[in-house]
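Protein sequences, first through last, are from chains A and B. Residue numbers for the first sequence follow the working numbering, beginning at 19 and rising by one. Residue numbers for the second sequence follow the working numbering, beginning at 16 and rising by one. For every residue, glycine included, the Cβ atom is placed at its ideal position computed from N, Cα and C. Please read these numbers as outputs of a predicted model, since none were measured by experiment. Single-structure report; data block below.
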Amino acid sequence: MHIMEGFLPHPWWEIWFALSAPAVAYGLWRMNALVKERRETLPLLAVAGAFIFVLSSLKLPSVTGSCSHPTGTGMAAIFFGPWIASVMATIVLLYQAIFLAHGGLTTLGANVFSMGIAGPIIGYAAYKGVMRLGINPYIAVFLAASLADISTYLVTSLQLALAIPAAVGGSFASFRAFAAIFALTQVPLAIVEGVVTALIFKYIAELRGDVLLELNVLSKGALNKLMEARG
Amino acid sequence: MKGELITAAVLIVFFGAFLYVNSTGDHEWSGADSQAEGAIGELTGGSYEPWFEPIWEPPSGEIENLFFSLQAAIGGLIIGYFLGYNRRRSEVEAPTKRGSNAR
Numbered sequence: 019m020h021i022m023e024g025f026l027p028h029p030w031w032e033i034w035f036a037l038s039a040p041a042v043a044y045g046l047w048r049m050n051a052l053v054k055e056r057r058e059t060l061p062l063l064a065v066a067g068a069f070i071f072v073l074s075s076l077k078l079p080s081v082t083g084s085c086s087h088p089t090g091t092g093m094a095a096i097f098f099g100p101w102i103a104s105v106m107a108t109i110v111l112l113y114q115a116i117f118l119a120h121g122g123l124t125t126l127g128a129n130v131f132s133m134g135i136a137g138p139i140i141g142y143a144a145y146k147g148v149m150r151l152g153i154n155p156y157i158a159v160f161l162a163a164s165l166a167d168i169s170t171y172l173v174t175s176l177q178l179a180l181a182i183p184a185a186v187g188g189s190f191a192s193f194r195a196f197a198a199i200f201a202l203t204q205v206p207l208a209i210v211e212g213v214v215t216a217l218i219f220k221y222i223a224e225l226r227g228d229v230l231l232e233l234n235v236l237s238k239g240a241l242n243k244l245m246e247a248r249g
Numbered sequence: 016m017k018g019e020l021i022t023a024a025v026l027i028v029f030f031g032a033f034l035y036v037n038s039t040g041d042h043e044w045s046g047a048d049s050q051a052e053g054a055i056g057e058l059t060g061g062s063y064e065p066w067f068e069p070i071w072e073p074p075s076g077e078i079e080n081l082f083f084s085l086q087a088a089i090g091g092l093i094i095g096y097f098l099g100y101n102r103r104r105s106e107v108e109a110p111t112k113r114g115s116n117a118r
């Protein structure tokens, strides 16, 4: 989902910066407040960030004969909400823009928006929505992580389509072209990301259910059920 | 164990699909990001020129791999440390619950 350096023309790169910057600033503020008030959540913050590091470094082959990578942002969104997730995504995207020439500094705003804001918001909403239905939390985590992943790529397609309308057919034709590249490739990856995220979530819930309770990720009843299922 | 089994099954299907697709013909297995770059060229009739170049590019594929592996290693280290530390902690704090089962 990295839009390459220099590939978003004026005014689009400025627009995405303008949309992303407030969200990341708010996320930074939230993160600071969280660490100050609830020091015990710090290790989990590190793990959620580390998860994004690992998953977004894995370029996986897909059924379309091309490679793409998961985003890993779903877990951070589930634990800490989309704003803090946007800070973590920004760190990873900066690392990749500077050291790997993947993505770019001029396209950072757009990439942060798709991977750090849009994806996590959808993942967070999916998690909260499914949990409200009282369904198994692992299914909620699976759906949240998968949807955060795939929606990131749809937003990237939309960003490219808006900025670079096709000579014939305009932005609509562009969107179809970009979505064909990104979205289909991403489906199997999103499923894998969902399953792996659910497994790591399970380990974390079993070991530090207390922190997940405190962060309102799980209710007391839901956590008890998970621990009973473990036996 | 159920979670691990489901994950393993999904991964096996995923890599099975890769092996199958790979056997069906010539695939480049190139990155979707660079394919999008190609699509931009096609959609605009080759008129789009990137207006900014990366400030630094890994000078070779090896150096690029180095930074990608480093990224994964940093992340893996943190996750592994967290899980290992807390597993031990939960054993020490609740020896009757978990320790007695283990022994």
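How long is the line joining the alpha carbons of phenylalanine 71 of chain A and tyrosine 63 of chain B, rounded to whole angstroms?
32 Å
Check whether threonine 82 of chain A and leucine 202 of chain A have beta carbons under 8 Å apart
yes
What residues from chain A crowd round leucine 125 of chain B, counting only those whose CB sits closer than 7 Å?
The question about residue 125 of chain B has no answer, for chain B in this structure spans 16 to 118.
Beta-ladder partner(s) of glycine 46 of chain B, from DSSP:
A:Cys85
Going by beta-carbon coordinates alone, are phenylalanine 35 of chain A and glycine 121 of chain A separated by less than 8 Å?
no
Residues of chain A with a CB under 8 Å from the CB of proline 65 of chain B: which are they?
Met22, Glu23, Gly24 and Phe25
Could you work out which residues of chain A lie near isoleucine 21 of chain B, taking near to mean beta carbons separated by less than 7 Å?
Val213
8 Å Cβ cutoff, isoleucine 27 of chain B in contact with chain A:
no
Inter-residue CB distance, phenylalanine 193 of chain A and alanine 179 of chain A (contact presumed, cutoff 8 Å):
4 Å
Can you check the region 88–150 of chain A for any alpha helix (DSSP H) of at least 4 residues that lies completely inside it and give the ranges in chain order?
91–98, 100–117, 126–129 and 137–150
Which residues, in order along the region 96–107 of chain B, keep a beta-carbon less than 7 Å from a beta-carbon of chain A?
Phe97, Leu98, Asn101, Arg102 and Ser105
Would you decide whether glutamate 211 of chain A is buried or exposed? Buried here means 16 or more other CB atoms lie within 10 Å of its CB.
buried
Under DSSP, the alpha helix (DSSP H) around proline 61 of chain A begins and ends at which residues?
60–75
Reference valine 25 of chain B; option with closest CA among A:Val235, A:Leu231, A:Val214 and A:Leu241
A:Val214
Under 8 Å from the C-beta of alanine 109 of chain B: neighbouring residues of chain A:
By Cβ distance, chain A contributes nothing, its closest Cβ being about 11 Å from alanine 109 of chain B, past 8 Å.
What do you get for glutamate 23 of chain A, buried or exposed, if any count of 16 or more other CB atoms within 10 angstroms of its CB means buried?
buried
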